[in-house]
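Asks: Line by line, the protein sequences are chains R and C.
Be aware that the first sequence starts at 1, since it is given in my numbering, and climbs by one per residue.
Be aware that the second sequence starts at 1001, since it is given in my numbering, and climbs by one per residue.
C-beta: ideal position from N, C-alpha, C; glycine also.
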Amino acid sequence: MDRSISWKRFFRQWGAFIILGGGVVLGILYFYLQNPIITEAVLASAVRQATPLVLGAMCGLMGERAGIINIGIEGQMLLSAFVGYLVNAWTGNLLVAVFVGVATGAVLGLLLAFMSVTLKVDQIIGGTVINIIAVGLTGYFYQAGLTTKGKLAPIALGKLAELPIIGRALFNNPPITYAAIILVFVLHYVLFYTKWGLRTRAVGEHPRAADTVGVNVYRVRYINVILGGAIAGLAGVFLTLEAVGSFERLMTNGRGFVALAVMIFGKWSPLGSWGAALLFGMTSAIQTQIQFAGVLDIPHQFIGMLPYLLTIVVLAGVVGRSRPPAADGIPYEKE
Amino acid sequence: MNENIPIALEARNITKRFPGVVANDQVDFTLKKGEIHGLLGENGAGKSTLMNVIYGLYTADEGEVLINGEKVEINNPHDAIDHGIGMVHQHFMLVPVFSVTENIILGSEVTRGTTLDLNKARQDISRLSEGYGLKVDPRSIIEEIPVGVQQRVEILKALYRDANILVLDEPTAVLTPQEADDLFRIMRELTEKGVSIVFITHKLREVMDIADRITVMRRGAVVGTTTPQETDKQGLAEMMVGREVILEVEKGPASPGEPVLNVTNLSVNDDRGIRVVYNVSFEVRKGEILGIAGVQGNGQTQIAEALTGLRNAASGEFSINGKKMPSGSPRRLIESGLSHIPEDRHRHGLVMSYAVADNMVLCTYYESPFARGLRRNHQAVLENAKKLIHDFDVRTPGPLVNTGKLSGGNQQKVIVARELSRPVQLLIANQPTRGLDVGSIEYIHNRIIEERDKGAAVLLISAELDEIMSLADRIAVIYQGEIVSIHQTDQITKAELGLLMAGSKL
């Protein structure tokens, strides 16, 4: 992004975010002083719960920044999770399984790009097609009783992992969780500080303007949507190969859609989406803690709603209106 | 002009066909180094098609393009840019949320390693903008700067790519007269530095003022090339239209009667809820035309929408023939004698997917003879259409053709036919001739004068000062949502109006 953005503009866009973040940090400090062990556990859990969401959100924002709405993230995640899991169950190799899962996401990304860029199908329909394909295929080929051979295990980063409060949450994670954190910063850099990012954003805002200066709109859209699909694939294999260790029907459980909310909450930016995903992950973790502790005499279904309620409140109230890319969802027609 | 000046750009024998039309039919065009070459023609004459071929947005079916005497292949804008051709499009090709710098470098980015080098880009842009007298702040965001400055950014965008051939497509359409003068000064400065300019327009006065040579196109073919010294506005108009046209609207003096439209302290908000019209009061009398002059986006649109029932007023009121009108009820207004030629014919004037005949009864379909009870009377609708198509000279293959298939000028005639076929007491015409060719403009102007002479009160809103000056009996100037002043047309000059429109005091 051009450094010329004044502080005023920056604050108008991100002020609510910063204040909210500051409040959360203070809250964490307070609870850490009360009960360090539980607080650290909640934080670590928050980071991992956030992983598929932030990956999904990055898949979404790569597409939307280039003007392609992707509501097929859920399906991309689900099918990738399934394929990664099957490959691992057959070959016993985790790395190959992750790779094939990511490739599956990318192929579904290619399908979405083909439908929405080349065929100019309505993008909501295109995404729905992918979701239905994923549910259908995984349901049909599902075999009960298989488990993965091993799971991606946490790697502690030496002394860093022993830091108070953040050590366990940030520096003692399995590979895909690390990858997600690194990807956030890489994507932020790519989107706002490189040639590719400038072109991507231009294509999402005003494709004809990009076209007239020689940017190939279709190519930019294809590549972004395919790479986005690969990232959604990573979110999928996270579920089977890193978090759970097996596959269940419909195990994505709406995360692909929550990821879209996270993306909007994060104003179509990687860092913002990460913050949003962490907040969501944290409420999920707290919610689990409350259920375990059994301190509140409320039916667990209601406690389970907490993260979703929070999303609605935050989206509607705190963040304010965020503006999607101007050409989002509109097929580009060369004259 | 000297015959020995080298030729910067030459198009030979360009033919471009679209389904059903030949947009360019064996067009020849030469641009000499350092000249301003006016390319004149009505809408749909093929000017933009020709330039889009040269800029690589279209591929020609036949013909070739030569730059500095050498044949070149231009298949996309990238090739054109490589050959030193820059184009400023009629609708700016700028990303509204990007900064000036980001817009200028897009597609030709400077990087250090993989990172965009915005500092260097800004320095380059500042140097360019000082060198050519194009003042811009490279850090400002496009959507926050005025249209005139945005246009400078477009020109800088071309110069940044080392363009020495510049195509300006209808560049003055969005400018105030002062901004247009500023643009002409910039164009002169550019040609002194060796840039050759193609200036596309349909405004006769402008080519006469600024062009060194003028090429006129009509129906996809070049009619001829001339110079301002050899011809005059009348001659150019005839070349454009292919027949004699009357440029000056002939109208007798107005004989105003009682007020028909009375507006008191009207305030209106826009879609975002922001106040854009502040306490506006005026009246329009029977038999007169009140023109509202102003640069687009100063609240005219919202005034028109409020007065035609498309938008609720925030406060204030208006009455027609002394009867107070409710806010937001187009039908009540229409039944009170309002006719409306809307600004955006696609959004508010026509249903593009309806037949011409249906569009012609859009305000009266429920009344006799077009409906009997709940049933429509197709026969009456069809006869009405046939009559109007004949009376208003609408060029359509037939009354049952989809309105979207017609040319812009004929679509506008459908609206005019519908609105003027009812007894008119108040006519609100908002940009009635925007985007139309000389022939259609002439026709619509005459119809508006005719309505005035028959006793209608006319409120004319237009961004074209020439149109306001030639039609209106009185002129109200609007600036930032307020009526600055109201003048008798014969007591104010165009230059004074231009100043008022830009917010200066006289």
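(1) Might you give, ordered along the chain, the residues of its own chain that have their beta carbon closer than 7 angstroms to the beta carbon of R/Arg3, omitting 5 neighbours on each side?
(2) If you draw a straight line from the C-alpha of R/Arg323 to the C-alpha of R/Val117, how long is it?
(3) Tell me whether C/Val1153 sits in a helix, a strand or coil according to DSSP, three-state version.
(4) Would DSSP call C/Tyr1479 helix, strand or coil?
(5) Check whether the Cβ of C/Gly1107 lies closer than 8 angstroms to any Cβ atom in chain R.
(6) Count Cβ pairs between the segment 1434 to 1450 of chain C and the segment 1209 to 1217 of chain C that sit closer than 8 angstroms; are there 3 or more?
(7) Just curious, the alpha helix (DSSP H) that R/Ser269 is in, first and last residue?
(8) Can you give me the C-alpha to C-alpha distance between C/Met1001 and C/Gln1150, rounded to a whole angstrom?
(9) What alpha helix (DSSP H) runs, 4 residues minimum, are completely inside the segment 69 to 113 of chain R?
(10) List, from N- to C-terminal side, the alpha helix (DSSP H) runs of 4 residues or more that fit wholly inside the segment 1140 to 1197 of chain C.
(11) Let's test the definition: count the other Cβ atoms within 10 Å of the Cβ of R/Met305 and tell me whether it reaches 16, buried, or not, exposed.
(12) Assuming the contact rule is C-beta atoms closer than 8 angstroms, C/Arg1218 and C/Gly1242 should be a hit. Round their C-beta distance to whole Å, please.
(13) Find out if the Cβ-Cβ distance for the pair C/Ser1140, C/Gly1034 is shorter than 8 angstroms.
(14) Give a yes or no on whether the C-beta atoms belonging to R/Ile286 and R/Val54 are separated by under 8 angstroms.
(15) Count the other C-beta atoms from every protein chain shown that fall within 10 angstroms of the C-beta of C/His1390, then say buried if there are 16 or more, exposed otherwise.
(16) Give me the chain R residues within the contact set of C/Ile1334, using Cβ-Cβ distance strictly less than 9 angstroms, ordered along the chain.
(17) For C/Phe1029, is the classification buried or exposed, using 16 other Cβ atoms within 10 angstroms of its Cβ as the cut-off for buried?
(18) Whole angstroms is fine: what's the gap from R/Ala276's alpha carbon to C/Thr1059's?
(19) Do you know whose CA, among C/Asn1043, C/Arg1418 and C/Thr1489, lies nearest C/Val1216's CA?
(20) Hey, out of C/Val1260, C/Gly1038, C/Ile1274 and C/Gly1107, whose CA is closest to R/Asn216's CA?
(21) Using a Cβ cut-off of 8 angstroms (strictly closer), state whether C/Met1001 contacts chain R.
(22) With 16 as the cutoff for other CB atoms within 10 Å, does C/Asn1265 come out buried or exposed?
(23) Compile a chain-ordered list of the residues in the segment 204 to 216 of chain R whose CB is closer than 8 angstroms to at least one CB of chain C.
(24) Using a cut-off of 9 angstroms between C-beta atoms, extract the partners of C/Met1093 located in chain R.
(25) In terms of residue numbering, what span does the beta strand (DSSP E) encompassing R/Arg12 cover?
(26) According to DSSP, C/Gly1012 sits in a beta bridge with which residue or residues?
(27) What's the gap between the Cα of C/His1251 and the Cα of C/Arg1452?
(28) So the candidates are C/Glu1170, C/Val1284 and C/Leu1159; which of them puts its Cα closest to the Cα of C/Ala1456?
(29) Looking at chain R, which residues of the segment 1058 to 1087 of chain C have a Cβ within less than 8 angstroms of any of its Cβ atoms?
(30) In angstroms with no decimal places, state the Cα-to-Cα distance between C/Glu1143 and C/Val1097.
(31) C/Lys1088 and C/Ile1155: beta carbons closer than 8 angstroms?
(32) Answer with yes or no whether the minimum CB distance from C/Glu1102 to chain R is below 8 angstroms.
(33) Got a sec: is the Cβ-Cβ distance from R/Asp2 to anything in chain C below 8 angstroms?
(34) Quick one: Cα of R/Ile264 to Cα of R/Ser273, how far?
(35) So, helix, strand or coil for C/Met1239, using DSSP?
(36) From C/Ser1315 to C/Arg1275, what does the alpha carbon distance come to, in whole angstroms?
Replies: According to the data block:
(1) The residue given as residue 3 of chain R occupies position 3 in the first sequence. At R/Arg3 the pLDDT is 49, less than 50, meaning the model places this residue with poor confidence and gives no usable figure here.
(2) In the first sequence, counting from the first residue as 1, residue 323 of chain R sits at position 323. In the first sequence, counting from the first residue as 1, residue 117 of chain R sits at position 117. Taking C-alpha positions only, R/Arg323 is separated from R/Val117 by approximately 22 angstroms.
(3) Your numbering for residue 1153 of chain C matches position 153 in the second sequence. DSSP places C/Val1153 in helix when its eight states are reduced to three.
(4) Your numbering for residue 1479 of chain C matches position 479 in the second sequence. Correct three-state label for C/Tyr1479: strand.
(5) Here the question's residue 1107 of chain C lines up with position 107 in the second sequence. Yes, contact with chain R.
(6) Three or more Cβ pairs closer than 8 angstroms define a contact, and the segment 1434 to 1450 of chain C falls short of that threshold against the segment 1209 to 1217 of chain C.
(7) On the first sequence, position 269 is the one that residue 269 of chain R refers to. For R/Ser269, there is no enclosing alpha helix (DSSP H), as DSSP gives it neither H nor E.
(8) To locate residue 1001 of chain C, count along the second sequence from 1; it is residue 1. To locate residue 1150 of chain C, count along the second sequence from 1; it is residue 150. Here the model assigns C/Met1001 a pLDDT of 45, short of 50, so the residue's position is not dependable, and the following value carries that caveat. Roughly 32 angstroms between the two C-alpha positions.
(9) Qualifying alpha helix (DSSP H) stretches, in chain order: 73 to 91 and 94 to 113.
(10) Note on the segment 1140 to 1197 of chain C: whole alpha helix (DSSP H) runs with a minimum of 4 residues are 1147 to 1160 and 1177 to 1192, in chain order.
(11) Numbered from 1 along the first sequence, position 305 holds the residue referred to as residue 305 of chain R. R/Met305 is exposed by the Cβ-count criterion.
(12) For this step, residue 1218 of chain C is matched to residue 218 along the second sequence. For this step, residue 1242 of chain C is matched to residue 242 along the second sequence. A Cβ-Cβ distance of about 6 angstroms is found for the pair C/Arg1218 and C/Gly1242, placing them in contact under the 8 angstroms criterion.
(13) Within the second sequence, numbered from 1, the residue matching residue 1140 of chain C stands at position 140. Within the second sequence, numbered from 1, the residue matching residue 1034 of chain C stands at position 34. No; because the gap between Cβ atoms is not below 8 angstroms, this pair is not in contact.
(14) Walking along the first sequence from the start, residue 286 of chain R turns up at place 286. Walking along the first sequence from the start, residue 54 of chain R turns up at place 54. No; because the gap between Cβ atoms is not below 8 angstroms, this pair is not in contact.
(15) Translated into positions along the second sequence, residue 1390 of chain C becomes position 390. A residue is called buried once 16 or more other Cβ atoms fall within 10 Å of its Cβ, and C/His1390, having fewer, is exposed.
(16) The residue given as residue 1334 of chain C occupies position 334 in the second sequence. Simply none; closest approach about 34 angstroms.
(17) Within the second sequence, residue 1029 of chain C is the residue found at index 29, counting from 1. Buried.
(18) To locate residue 276 of chain R, count along the first sequence from 1; it is residue 276. To locate residue 1059 of chain C, count along the second sequence from 1; it is residue 59. Each residue's alpha carbon lies about 47 angstroms from the other.
(19) By one-based count along the second sequence, residue 1216 of chain C stands at place 216. Taking C/Val1216 as reference, the option from C/Asn1043, C/Arg1418 and C/Thr1489 with the minimal CA-CA separation is C/Asn1043.
(20) Position 216 of the first sequence holds residue 216 of chain R. Closest option to R/Asn216, Cα to Cα, is C/Gly1107.
(21) For the purposes of this step, residue 1001 of chain C is taken as residue 1 along the second sequence, with counting starting at 1. Annotation note: pLDDT 45 at C/Met1001 (below 50); position unreliable, coordinate value reported separately. C/Met1001 does not count as touching chain R.
(22) Locating residue 1265 of chain C in the second sequence gives position 265, counting from the first residue. Classification of C/Asn1265: exposed, given that the 10 Å Cβ count is below 16.
(23) Correct list: Glu205, His206, Arg208, Ala209, Ala210, Asp211, Thr212, Val213, Gly214 and Val215.
(24) Here residue 1093 of chain C is taken as the residue at index 93 of the second sequence, counted from 1. Near C/Met1093 (Cβ distances below 9 angstroms), the residues of chain R are His206, Arg208, Ala209, Ala210, Asp211, Thr212 and Val213.
(25) Walking along the first sequence from the start, residue 12 of chain R turns up at place 12. Premise fails: R/Arg12 lies in the alpha helix (DSSP H), Trp7 to Gln34, not in any beta strand (DSSP E).
(26) Against the second sequence, residue 1012 of chain C aligns to sequence position 12. Going by the sequence as given, residue 1012 of chain C is Arg instead of Gly. In the DSSP assignment, the residues bridged to C/Arg1012 are C/Glu1064.
(27) On the second sequence, residue 1251 of chain C is found 251 positions in, with the first residue counted as 1. On the second sequence, residue 1452 of chain C is found 452 positions in, with the first residue counted as 1. A quick correction: the sequence has Lys, not His, at residue 1251 of chain C. A direct Cα-to-Cα measurement between C/Lys1251 and C/Arg1452 gives close to 10 angstroms.
(28) Translated into the one-based positions of the second sequence, residue 1456 of chain C becomes position 456. The candidate whose alpha carbon is nearest that of C/Ala1456 is C/Val1284.
(29) Under the 8 angstroms Cβ criterion, the segment 1058 to 1087 of chain C contributes Tyr1058, Asn1076, Pro1077, His1078, Ile1081 and Met1087.
(30) In the second sequence, residue 1143 of chain C corresponds to position 143, counting from 1. In the second sequence, residue 1097 of chain C corresponds to position 97, counting from 1. C/Glu1143 and C/Val1097 have their C-alpha atoms spaced approximately 6 angstroms apart.
(31) If you number the second sequence from 1, residue 1088 of chain C lands on position 88. If you number the second sequence from 1, residue 1155 of chain C lands on position 155. In the sequence as displayed, the identity of residue 1088 of chain C is Val instead of Lys. Between C/Val1088 and C/Ile1155, the CB-CB gap stays under 8 angstroms.
(32) By one-based count along the second sequence, residue 1102 of chain C stands at place 102. Under the 8 angstroms criterion on CB atoms, C/Glu1102 is classed as interfacial with respect to chain R.
(33) Within the first sequence, residue 2 of chain R is the residue found at index 2, counting from 1. The predicted position of R/Asp2 is uncertain, since its pLDDT is 46 and thus under 50; no value can be drawn from it.
(34) As a position in the first sequence, residue 264 of chain R is number 264, starting the count at 1. As a position in the first sequence, residue 273 of chain R is number 273, starting the count at 1. The C-alpha of R/Ile264 lies about 8 angstroms from the C-alpha of R/Ser273.
(35) Position 239 of the second sequence, counted from the start, is the residue given in the question as residue 1239 of chain C. Looking at C/Met1239 - three-state DSSP - the assignment turns out to be helix.
(36) In the second sequence, residue 1315 of chain C corresponds to position 315, counting from 1. In the second sequence, residue 1275 of chain C corresponds to position 275, counting from 1. Each residue's Cα considered, the two are about 11 angstroms apart.
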